[in-house]
Each structure stands twice: as C-alpha cells, then as structure tokens.
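See structure below.
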Amino acid sequence: MSTTTPTEAAVRLVLTVDLTGRYDNHREVTDALREQTRRNIDCDTVVVRLGADAVRLNLELGRLIAAAFYLSAKRIEVHAPAGNVMGPLIHDEVARYVRLYTADHARMTAGPAAGPPPG
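The numbering used here puts the first residue of the sequence shown at 2, with every later residue one more than the last.
What follows is the structure in structure tokens.
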C-alpha cells in the first residue's frame, strides 16, 4: 500500500485559434483572427493553427498574431502546415514582434522616469 501524498495537478488555460479554413483574400484571414480573439482573455498558452490559405494570403499574419497575444499569453505556439516555407517565417515574425511590442509596452508603462530628463 502506497502512502504517498497526491500532489496538486498543474492546470493551464490553453486557447486555440483556428485559421485553417478556406480563405479567398487577406481580409478574410484578418477578420477570422479578429473574430476569434475579440474577447481575448489571459491564458498560459495560445495555439494558432494556420492553414495553407491563411499562410499564403496574409503577409502581416505574424504581426497580427503578436499584437493579439503579446500581453495576454505566456506562450504563443504557431502550428503551420508541413512543407510550407512561410510557416517558419511567420513563427519568426511573431517572435520578433512580441519582443518589440513587449519592450515598447515596458517603456510606456515605466512612465516619464524612464525617458530622458526634461528640458
């Protein structure tokens, strides 16, 4: 008989954004992302699933994903179609914009003390 004490299970909120549908233009991809993230809440991880149309049609997808989640998620996972060369590029763009947005946010919230001295 085991006398070990059960430990508390880790519970994480993982949100999924599905952009795997059929899209005919970049506006449809942007609208789908906006609609799914309209009531965005804080979470541990967000998983963004990209389909071939979303990757092919939206050149600003990395920036848009970063803007939607850089404050609300601890981790952002980008799942792209296998064999698609744009998937890694979008992943890198998300990471780059998250760094930029996070640094900019930190400067803005630091207030005037972080800026150059007046006058």
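C-beta atoms are modelled at their ideal positions from N, C-alpha and C, and glycine is treated no differently.
Values in this document were obtained by computation on a predicted structure and should not be read as measured data.
I'd like the list of long-range same chain contacts for residue i, defined as Cβ closer than 6 Å, with 5 residues on each side in sequence excluded.
i	result
V99	A67, Y71
P82	A53
Would you kindly work out how many angstroms separate the C-alpha atoms of residue i and residue j, rounded to a whole number?
i	j	result
Q37	H92	19 Å
T103	E29	27 Å
L65	A33	11 Å
Y24	V18	15 Å
R40	G88	26 Å
T8	G63	39 Å
V56	R97	17 Å
E61	L101	15 Å
G112	V12	35 Å
My guess is that residue i and residue j are in contact by the Cβ rule of under 8 Å, so how many angstroms apart are they, rounded?
i	j	result
V48	V95	So it is not a contact: roughly 12 Å between Cβ atoms.
R35	H80	The Cβ separation is near 19 Å, so there is no contact.
L58	N85	In fact, because the Cβ distance is near 13 Å, the residues do not count as touching under 8 Å.
G52	T21	3 Å
E78	T46	6 Å
When DSSP labels each residue in this structure, what does residue i get in the three-state scheme?
i	result
T21	coil
D43	coil
V15	strand
V86	coil
A74	strand
L51	strand
Between which residues of its own chain and residue i is the CB-CB distance below 7 Å, once the five residues before and five after are set aside?
i	result
C1	Examination of residue 1 is not possible in this model, given that the chain is present from 2 through 120 alone.
Starting from residue i, trace the alpha helix (DSSP H) in both directions and tell me its first and last residue.
i	result
T8	It is not in any alpha helix (DSSP H) - T8 carries neither H nor E in the DSSP assignment.
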